[in-house]
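Numbering (the working numbering), first residue to last: 1 to 251.
The beta carbon of each residue, even a glycine, is placed where N, CA and C say it ideally should be.
Structure (structure tokens):
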């Protein structure tokens with residue numbers, strides 16, 4: 001029984017990983033954000049969490065829902081076409097105006113917490129400010145640093161756009177539901193092994209996407225050179241246009 005469980009899990013792992021190896025919108029976004037070193041964690045989080053839900057939907061019978069609501073698939077298909085074309089436009093825009101990625105394009109780094117006139121080794125003390133010169137009373141003003149909050153807001157803003165793009169590219173992509181249905185089809189041949197199918201597929205997700213993002217991040221210094229960055233953007237743009245055409249003609 002235990003050997004059968006691992007055999008089924010391995011089958012799901014191989015199927016799900018092979019589906020992810022096909023270069024699609026999610027992989028393109030991970031590659032681009034990994035090279036830019038911006039919003040990669042948020043993209044990976046969205047993609048992985050979405051896969052957890054999509055795999056569960058596929059195994060639980062999403063095909064029945066698709067048959068009952070074909071209009072939903074149509075709406076998702078055309079929404080995906082529009083977004084893929086927009087993403088292709090941004091890739092062509094970046095590719096036709098190549099430049100080396102600068103620090104401004106990378107993930108923001110925390111600013112200095114002290115000004116140039118302050119001694120960084122001097123402890124921060126409360127400041128007393130005169131309140132009423134007639135009574136010689138003073139007020140202690142607590143000076144809370146605001147720069148760390150500004151840095152946090154910059155990090156949130158830099159991750160918000162890529163995260164939204166990952167949501168659209170995942171949930172407005174009908175191929176994602178097709179992949180889920182393919183995974184669910186395995187449950188027909190392995191009744192009672194739904195947990196093994198789910199575990200195997202999610203093992204593939206948790207291994208592939210972080211590894212791909214890490215590789216893009218590590219190779220960013222080489223891939224962010226102007227000619228390479230331009231070529232990658234044009235190539236990704238072409239792939240997105242082809243995928244958009246495939247979606248548009250699939251109905």
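Assignment of alpha helix (DSSP H) within the region 186-232, counting only whole runs of 4 or more residues, yields 194-218, 220-223 in chain order. In this chain, the alpha helix (DSSP H) harbouring residue 58 covers 40-60.
Ranked by Cα distance from residue 88, the options 165, 17, 39, 20 are led by 165.
Taking the CA atoms as reference points, residue 71 sits about 18 Å from residue 181.
Each residue's CA atom was taken as its position, placing residue 86 and residue 238 some 12 Å apart.
The three-state reading of DSSP puts residue 175 in helix, counting H, G and I together.
Straight through space, the alpha carbons of residue 171 and residue 183 are spaced by roughly 17 Å.
The way I'd put it, the region 7-16 does touch the region 188-203; three or more beta-carbon pairs between them come closer than 8 Å. In the three-state scheme derived from DSSP, where H, G and I count as helix and E and B as strand, residue 244 is classed as helix. In this model, residue 78 and residue 195 are separated by some 33 Å (Cα to Cα). Of the residues assessed, residue 36 falls on the buried side of the cut-off, its CB having 16 or more other CB atoms within 10 angstroms. In the structure shown, residue 32 adopts helical secondary structure according to DSSP, grouped into three states.
For residue 89, the secondary structure class from DSSP, reduced to helix, strand or coil, is helix.
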